[in-house]
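Quick note on the working numbering: the sequence shown kicks off at 65 and runs consecutively. One structure is given below, encoded as structure tokens.
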Amino acid sequence: MYCLGAIWAQTDAGVIGRAGDMPWRAPEDLAHFKAVTLGAPVIMGRRTWESFPPRFRPLPGRTNIVISRSVSEAEERDGALWVPSLDAALYAARDAVGAPIEPNPELPESTAANTPTVDAWILGGGSVYAEALSRNDLPAFGRVEVVERTFFYCQEGNEITGDTRAPELQLADSHGNCAVGSPNGCWHVVSETAWEKSEKGYLLDESGTKNPMYFSFQRLERLP
């Protein structure tokens, strides 16, 4: 069985998007995203694909797989493989991997030692995350086993609003238990970095004001 991960960035209030874009600029998160996903297939919906600037599409060093209802079968377009469903995307990711990938040397040793190597990554958007996290019958992968998420917060307290929210993950208690019936599974934190202030990044409030941004990287693993 291959290992599937999901990766996203969110505010501490759970916002991941606003009007088809992300209400922040975060160079440190972009570098982290590249280090985590490089070499693995990445799966995304059409809107997520279109949210990347054209000069960055397709994401280099990764097989780009785009889910869209505009296609009835797999076809190559604009440097990516377009497929009609999440299941089709996962079969394509399996074929692209060939065999489970080796650990990524760009990841911290502590992360690589404590979590499984992820063979493919879900990049969003909201409906793709929702389907992937709620299922235990994903072709070739079974379920999402790893989540990598970046947290942002604004120390000044200005509210960063949005119309798309991150999936809700239930964290296990000290005994490793979660409430019965948690739709997205039960999770525990494997690694978490201290909060840092971004040197050049910022959060955008609704007025367009740039607010100083603080960030932290967190990795979670799904419990049985």
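In this text, a Cβ means the ideal position worked out from N, Cα and C, and glycines have one as well. Model, not experiment: these values are computed from the prediction.
Asked	Found
Three or more C-beta pairs below 8 Å linking the stretch 76-84 and the stretch 218-234	yes
Whether Y217 touches Y278 by CB criterion (7 Å)	yes
heavy atom of the ligand SAH below 6 Å from A194 C-beta	Absence of the ligand SAH from the depicted structure is noted, as is the absence of any ligand whatsoever, leaving it without description.
Beta carbon proximity, L154 to chain B, threshold 7 Å	This model lacks chain B altogether, as it is built from one protein chain only.
Supposed close pair P122, G103 - CB separation, criterion 8 Å	Their Cβ separation, rounded to whole angstroms, is 14 Å, which puts P122 and G103 out of contact at 8 Å.
For R286, the three-state DSSP class (helix, strand or coil)	strand
Range of the contiguous beta strand (DSSP E) that encloses H252	C250 to E256
C-alpha distance - W146 paired with R133, whole-angstrom precision	9 Å
Simplified DSSP assignment, three categories, for D76	coil
Run of the alpha helix (DSSP H) containing L197, from where it starts to where it stops	G190 to S198
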